[in-house]
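Position in the sequence shown (first residue = 1) + 28 = our numbering. Beta carbons are placed, not taken as given, at the ideal position from N, Cα and C, and that holds for glycine. Just so we're clear, the structure is a prediction, and the values are computed from it rather than from any experiment.
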Amino acid sequence: MASYIFQYVPDFQSINKLTNATRSMRSENLYADAFVWDAHAGVFPDPAIDLSLLESWRGRGVDYLSINVGFDVMDWQQTLKTLAAYRQWLLTQAGDFVLVGTLEDIEHARQKGKLAVSFDIEGMNALNGDINMLSLYHALGVRQMLFAYNLNNEAAGGCHDTDIGLTDFGRAIVREMNRLGIIVDCSHASLHTTLDIMAESSKPVVFSHSNPDSVWKHQRNILDQQIKACAQTGGVIGLNGLGIFLGENDIKIQTLLKHIGYVADLVGPKHLGIGFDYTPGVKVDISVILSSRPDYWPADQRYDTPEIKHAGPSLLPAIVDGLIGCGFNDSEILGLLGENFRRVASLTWVTP
Ligand SMILES: [Zn+2]
29 MASYIFQYVP DFQSINKLTN ATRSMRSENL YADAFVWDAH AGVFPDPAID LSLLESWRGR
89 GVDYLSINVG FDVMDWQQTL KTLAAYRQWL LTQAGDFVLV GTLEDIEHAR QKGKLAVSFD
149 IEGMNALNGD INMLSLYHAL GVRQMLFAYN LNNEAAGGCH DTDIGLTDFG RAIVREMNRL
209 GIIVDCSHAS LHTTLDIMAE SSKPVVFSHS NPDSVWKHQR NILDQQIKAC AQTGGVIGLN
269 GLGIFLGEND IKIQTLLKHI GYVADLVGPK HLGIGFDYTP GVKVDISVIL SSRPDYWPAD
329 QRYDTPEIKH AGPSLLPAIV DGLIGCGFND SEILGLLGEN FRRVASLTWV TP
């Protein structure tokens, strides 16, 4: 397998030259035509949120975005309220945004310059113990679900909790998600939970927004063992843009490339994607929200870092420049930008 890390680590100077001054025609053309998939936005799920903030993706050349309508921190009724509000907003903004359920829908949206959106839910508390809720969520536009949000629930173990693995209820959920055509997402879950999920799933499994722990140690990051198991399912690992998961509150291009390069070296570039977890235009310091619930966001995991930085879609052109500098070829870069996640969806989003 080609080595990306060792090609680019001594080459930061030429990367800087590309990003700061002379963006090559190659990277400009490559990004302009690329199909871009962001597997997870980090917008706080709330019916009152003004979704015009989605312009931050549409205006940056992103074609498809998954936005979260709920997580285990809130109850299932609030998830349904958020779903109702977001669906309504998208229906009233049909000129620029569209709620999608298939890859064909995304293609139609792309041809008209619209941002295609579907939903994800972070944690199975949203089911309220009832597996039938999965098909309801699917019908309402949810196309990706995570099993736990940092803490344990009745389906799975969270990454900041005792590692209980996947429960029998969790196993039944995996099978039902496979049947319905919802992408199985391991981000935020504990080590053994993720290994159990990947063993149970008959479809490719993703970590929509998780970084390699070997590059930066954090309980939200994932071990080589998890990255390899994900690749074996045919899945994809989406690069998370939160500064505390990348380094010392660090979102430098070189740091992003280090995470990308590590995964590429370990399992190959076909398993790379983007899941920035990005929140644009937020007036409050997100560290304030994170430190308000130390059970879900323990302070020893640096969630109390003031002014947490956040890499988002505006950095994509610079990332493409950097990847060219690292020796990635065009099809590998297009894979990371969106084709790899599209491959997973093509194998997953089947009509039951
Ligand atoms: Zn998340």
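Practice item. Pick helix, strand or coil for G363, following the three-state DSSP scheme. Key: It is helical.
Practice item. Quick one: measure Cβ to Cβ for D100 and F63, integer angstroms, because I've assumed they're closer than 8 Å. Key: Taking a contact as a CB-CB distance under 8 Å, the pair D100 and F63 does not count as one, their CB atoms being some 32 Å apart.
Review point. Does the distance from the C-beta atom of V233 to that of N368 stay below 7 Å?
Key: Taking the C-beta atoms as reference points, N368 is found no nearer than 7 Å to V233.
Practice item. Would you check if the region 290-304 and the region 153-169 touch, i.e. whether three or more CB-CB distances between them fall below 8 Å? Key: Judged by Cβ distances under 8 Å, the region 153-169 makes no contact with the region 290-304, as fewer than three pairs qualify.
Point to revise | Alpha-carbon to alpha-carbon, G269 and Q247 | key: Those two C-alpha atoms are separated by around 16 Å.
Check your understanding: How many Å lie between N156 and H188 at the Cα?
Key -> Each residue's Cα considered, the two are about 21 Å apart.
**Study point:** Residue ranges of each beta strand (DSSP E) within the region 206-247, 3 or longer
**Key:** For the region 206-247, whole beta strand (DSSP E) runs of length 3 or above, ordered along the chain, are 211-213.
Check your understanding: Any idea what DSSP makes of W65, helix, strand or coil?
Key -> Three-state DSSP puts W65 in a strand.
Review point. Beta-carbon separation of D66 and L93 under 7 Å?
Key: Contact: yes.
Review point. Taking the Cβ atom as the reference point for each residue, do K231 and T376 lie within a distance shorter than 7 Å?
Key: When the beta-carbon positions are compared, K231 and T376 come within less than 7 Å of each other.
Review point. Where does H166 sit, in a helix, a strand or coil, going by DSSP?
Key: In the structure shown, H166 sits in a helix (DSSP, three-state: H, G or I).
Check your understanding: In the structure shown, what three-state DSSP assignment does V128 receive?
Key -> V128 carries a coil assignment under DSSP once its states are collapsed to helix, strand and coil.
Review point. When DSSP labels each residue in this structure, what does V97 get in the three-state scheme?
Key: For V97, the three-state secondary structure derived from DSSP is strand.
Check your understanding: Along the chain, which unbroken stretches of the alpha helix (DSSP H) at least 4 residues long are found entirely within the region 309-362?
Key -> Runs found: 314-319, 344-354 and 358-362.
Check your understanding: Using the rule of at least 16 other Cβ atoms within 10 Å of the residue's Cβ for burial, across every protein chain shown, is D78 buried or exposed?
Key -> By the neighbour-count rule (16 or more Cβ atoms within 10 Å), D78 is not buried but exposed.
**Study point:** Beta-carbon proximity list for F40, same chain, < 6 Å, skipping 5 on both sides
**Key:** The predicted model places F40 with a pLDDT of 49, which falls under 50 and marks its position as unreliable, so this point remains unresolved.
Practice item. Report the option in C214, L294, F273 and M226 whose CA atom is closest to the CA atom of F235. Key: Ranking C214, L294, F273 and M226 by Cα distance to F235 puts C214 first.
Exercise for review: Verify whether the separation of the beta carbon atoms of I336 and I272 is less than 7 Å.
Suggested key: I336 places its beta carbon less than 7 Å from that of I272.
Check your understanding: Using 8 Å as the Cβ pair cut-off and three pairs as the minimum, do the region 143-162 and the region 195-202 touch?
Key -> The region 143-162 is in contact with the region 195-202.
Point to revise | Inter-residue spacing [alpha-carbon to alpha-carbon] between A183 and P334 | key: A183 and P334: Cα-Cα distance of roughly 33 Å.
Practice item. Give the range of the alpha helix (DSSP H) segment to which S84 is assigned. Key: First-last of the alpha helix (DSSP H) with S84: E83 to R86.
Point to revise | Through-space distance from G87 to L143, alpha-carbon basis | key: Cα to Cα, L143 sits roughly 9 Å from G87.
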